[in-house]
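Chains as they are written, first to last, in this note's numbering: chain A, 1 to 331; chain B, 1001 to 1331.
Following: one structure in structure tokens, then a few remarks.
2 protein chains.
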Amino acid sequence: MNGKHPVKIIGSGIYLPAVVSSATIEEKFGLPKGWAEKYSGVSSRHHVTFESNGFMAARAIEKALNFAEKRVSDMDLIISAGATFDFPLPNQSSVVKNELEDRLLSDVGTIDIDTTCLSFVSAFEFAAKLLDGRQYKNIVIVSAEIASKGLNSKNFETLTLFGDGAAAFILSFDESGESQFLKGGLRTYAEGVFHTHIKGGGNQYFFKDHPYDEDLHSFNMQGKKLLRLAKQKGPEFVNWFFKDSGIQMDEIKVVIPHQASKVGISIFKHTLPFEEEKFKGNISTHGNCIAASIPILLHQTIEAGELERGALCMLVGTSAGFSIGAVVFKY
Amino acid sequence: MNGKHPVKIIGSGIYLPAVVSSATIEEKFGLPKGWAEKYSGVSSRHHVTFESNGFMAARAIEKALNFAEKRVSDMDLIISAGATFDFPLPNQSSVVKNELEDRLLSDVGTIDIDTTCLSFVSAFEFAAKLLDGRQYKNIVIVSAEIASKGLNSKNFETLTLFGDGAAAFILSFDESGESQFLKGGLRTYAEGVFHTHIKGGGNQYFFKDHPYDEDLHSFNMQGKKLLRLAKQKGPEFVNWFFKDSGIQMDEIKVVIPHQASKVGISIFKHTLPFEEEKFKGNISTHGNCIAASIPILLHQTIEAGELERGALCMLVGTSAGFSIGAVVFKY
């Protein structure tokens, strides 16, 4: 059995840019009316106009701090958890800190964690294990993603699926016993390493030698292969995750699945032995916001009063690489 | 005082690509003979020819596993800690795993940590705090960096300073008491957020709208501003790090500073109250290898028999963002 960690969510906040309806996208790219909702399950999503990743992240953090009645100077670490970024250098968390109004009022350290769509989930586990009530009392995790810039105009599936947005959570060391971190875990299946891929822009297809080309520099997803792998590995992951965990699965009250795609979500519903009503979702109004999907949905679930203090909650999803990951905590 | 963690380094390995002498670079770019060694303190470094980040990382991991007499299937997590990458997606650690000969023999999870030059240092702290002897018994950290592709041919300082290479370490949960993790810490000073910068290639200067331009897409370093900030913040960081740490500074036997630059290293020697002979260095034969500098030097120090089991070792450095970070452990 795993050690429990005295960790409590004391605040959260989100930032969402302008709404873009599926009708607008369908019209712009000559798609049949209703295509997006039918195939992607998305009727609207948010896309940036003026916003940067750092800007959205900072606004989400400030809302979370306000809610928790804390300041940046109360924080002992800022984790930026995501796959997209403003600049190749410095790391995104430093850029996020610099976008905060109080950027110079604290020398709190900043670090980036990237497990693509599962970045928030991984950061949640790491933060929980860093929090010790001494050096680390409060940690901010923020996921701010801009997916809209890297989409291929010829690929209708991804074009209609992805959205932008940000969410921030403050995790605190709290020994009251009301809230606890129970378990986190991640498995990576190398068979699916390039089922989702952006080829160009790193060292392998360096900019200097490879001018912009939509196919090379856009997001590519082999949807069918991905779904087959998720179906195949899902049950194995669930067994691995819960074995010796000490967690009674039927005690889990709320499941926040990554909003990968309409079919991706349905696979999770088939793989996990939970009643339909425990699964939350927002894909129809937000699309897939990469690493920001899970924390945006978690924030909305809490705000709607659908996750009670002391209830068990599971965050779970798949990510590029190909990985499956989850955390379970007592909210 | 911080809790000590029962963590032991049980193996390490490095991979270095072909040697490039300063004479070769001076000749190629029309620099006066001897310029590189005089101004950068680098007489030779390694630059990739055919190697990718993932290739170098996998070879370093395999050497570390061999040394430790372990297999990939004994590992509970693979952390890729660095600033440069093969592809924008998936995350680098998934690419690294896929380069391992035994990639399909284990579904071990993989995650990326990026605090630029301090990535290995941050990953070391995180790994130490994850290791619990139950879910996490062994964690691999690998830093593999290719700096040579992003250099500006007009900037002689960076052109002669940077090198490529990789190093991997295996950290194990070990309660024998011989080895321990004592403390890690990071402080980020937003004043220096863009003192080191690669502007182009992220969402702010998206490649679609900003074709390759050497100034936009190369590494830019404001050396003087950076050194001034390091001098100013160094003593504050040292006070913050050691205060209430329970670490006796004079018990530290070996210091592994990031090989930032000739002057950068000298600032650390002035800021930290250690005898000159405790500082290790390899900048003259390796240059600055970004996040790989510290673990390559640590590996070489161990291999040379200059760090004894049970002795205290400090890893310390600066990174883009601007951050200062360190860990202290009993080897």
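In this text, a Cβ means the ideal position worked out from N, Cα and C, and glycines have one as well.
As the structure is a prediction and not an experimental result, all values here were calculated from the model.
CA nearest to the CA of residue i, picked from the options
i                 : options                                       : result
Ser284 (chain A)  : A:Leu118, A:Leu100 and A:Ser40                : A:Ser40
Thr188 (chain A)  : B:Glu1236, B:Met1075 and B:Gly1321            : B:Met1075
Arg1103 (chain B) : A:Gly234, A:Pro6, A:Val193 and A:Gly200       : A:Val193
Ala166 (chain A)  : A:Ile294, A:Thr318 and A:Val316               : A:Ile294
Gly1003 (chain B) : A:Tyr136, A:Pro17, A:Ile256 and A:His210      : A:Tyr136
Glu306 (chain A)  : A:Thr318, A:Val328, A:Lys278 and A:Lys330     : A:Lys278
Leu151 (chain A)  : A:Ser319, A:Thr271, A:Ile265 and A:His217     : A:His217
Asp1086 (chain B) : A:Gly202, A:Met56, A:Asp132 and A:Arg59       : A:Gly202
Leu1272 (chain B) : B:Glu1303, B:Leu1227 and B:Pro1235            : B:Pro1235
Ala68 (chain A)   : A:Gly264, A:Ser176, A:Val140 and A:Phe207     : A:Val140
Ala1057 (chain B) : B:Gln1232, B:Thr1084 and B:Gly1109            : B:Thr1084
Trp1035 (chain B) : B:His1046, B:Ala1023 and B:Arg1045            : B:Ala1023
Glu157 (chain A)  : A:Phe126, A:Thr196, A:Val108 and A:Met221     : A:Met221
Pro257 (chain A)  : A:Gly109, A:Ile267 and A:Ala64                : A:Ile267
Pro17 (chain A)   : A:Ser52, A:Glu26 and A:Ser94                  : A:Ser52
Gln248 (chain A)  : A:Ala292, A:Lys183 and A:Val7                 : A:Lys183
Leu312 (chain A)  : A:Gln92, A:Leu65, A:Tyr331 and A:Val72        : A:Tyr331
Ser995 (chain B)  : B:Ile1252, B:Leu1226 and B:Val1254            : Limits of chain B in this structure are 1001 at one end and 1331 at the other, which puts residue 995 (chain B) out of reach.
Ser335 (chain A)  : A:Ala304, A:Gln92, A:Glu101 and A:Val19       : A question about residue 335 (chain A) goes unanswered here, because the residues of chain A that appear run from 1 up to 331.
Val1048 (chain B) : B:Lys1224, B:Ser1148 and B:Ala1304            : B:Ser1148
Phe1124 (chain B) : B:Ile1025, B:Phe1181, B:Asn1098 and B:Val1108 : B:Phe1181
Ile1061 (chain B) : B:Gly1264, B:Ala1304 and B:Ser1093            : B:Ser1093
Asp215 (chain A)  : A:Lys231, A:Ile198 and A:Lys208               : A:Ile198
Leu1130 (chain B) : B:Asp1174, B:Ala1144 and B:Pro1090            : B:Asp1174
Lys1008 (chain B) : B:Gly1223, B:Val1263, B:Ser1119 and B:Asp1132 : B:Asp1132
Proximal chain B residues relative to residue i, where beta-carbon distance stays under 7 Å
i                : result
Ile146 (chain A) : Asn1203
Tyr15 (chain A)  : Chain B residues near Tyr15 (chain A): none, gap ~15 Å exceeds 7 Å.
Asn53 (chain A)  : Asn1203
Ala168 (chain A) : Within 7 Å Cβ-Cβ: nothing; Ala168 (chain A) doesn't reach chain B, min ~17 Å.
Ala190 (chain A) : Lys1097, Asn1098, Arg1103 and Leu1104
Contacts of residue i in chain B (Cβ-Cβ under 9 Å)
i                : result
Val193 (chain A) : Pro1090, Ser1094, Val1095, Lys1097, Asn1098 and Arg1103
Ser318 (chain A) : Before going on, a small fix: residue 318 (chain A) reads as Thr here, not Ser. Those within 9 Å of Thr318 (chain A) in chain B number zero; the least Cβ separation is about 12 Å.
His46 (chain A)  : By Cβ distance, chain B contributes nothing, its closest Cβ being about 15 Å from His46 (chain A), past 9 Å.
Phe124 (chain A) : In chain order: nothing, as chain B lies at least about 12 Å away.
Within chain A, partners of residue i - CB distance below 7 Å
i                 : result
Arg1059 (chain B) : Residues of chain A passing the Cβ test: none, with the nearest at roughly 16 Å.
Lys1149 (chain B) : Asn203 and Phe206
Gly1321 (chain B) : Pro90, Asn91, Ser94 and Thr110
Under 9 Å from the C-beta of residue i: neighbouring residues of chain A
i                 : result
Ala1083 (chain B) : Pro88, Leu89, Pro90 and Asn91
Contacts of residue i in chain B (Cβ-Cβ under 8 Å)
i                : result
Pro211 (chain A) : Pro1211 and Tyr1212
Tyr325 (chain A) : The question names Tyr, but residue 325 (chain A) is Gly in the sequence shown. Here the neighbours are Gly1109.
His197 (chain A) : Phe1087, Leu1089 and Pro1090
Phe219 (chain A) : Leu1089
Within chain A, partners of residue i - CB distance below 8 Å
i                 : result
Arg1187 (chain B) : Asp107, Val108 and Gly109
Problem - At least three beta-carbon pairs within less than 8 Å, the stretch 1072–1082 of chain B to the stretch 1100–1114 of chain B - result: yes
Handout entry: Short-range partners of chain A found in the stretch 1111–1122 of chain B, where Cβ spacing is below 8 Å
Key = Ile1111, Asp1112, Ile1113, Asp1114, Thr1115, Thr1116 and Ser1122
Problem - Stretch pair the stretch 1272–1289 of chain B + the stretch 1160–1176 of chain B: three plus CB contacts closer than 8 Å - result: yes
Problem - Length at least 4, wholly inside the stretch 1103–1154 of chain B: the alpha helix (DSSP H) runs in chain order - result: 1119–1130
Exercise for the section: Assess, as a yes-or-no matter, whether the stretch 1239–1258 of chain B is touched by the stretch 1315–1329 of chain B under the definition of 3 or more beta carbon pairs within less than 8 Å. Expected result: yes
Problem - Sequence ranges, beta strand (DSSP E) only - wholly within the stretch 1029–1074 of chain B, length at least 3 - result: 1044–1047
Practice task
Answer yes if the stretch 1169–1180 of chain B comes into contact with the stretch 1006–1021 of chain B, meaning at least three C-beta pairs across the two stretches below 8 Å, and no otherwise.
Solution key: yes
Problem - Residue ranges of each alpha helix (DSSP H) within the stretch 1237–1301 of chain B, 4 or longer - result: 1262–1271 and 1283–1286
Problem - beta strand (DSSP E) segments (min. 3 residues) lying fully within the stretch 1157–1205 of chain B - result: 1165–1173 and 1180–1188
Handout entry: Start-end ranges of the alpha helix (DSSP H) lying completely within the stretch 1203–1229 of chain B, minimum 4 residues
Key = 1214–1217
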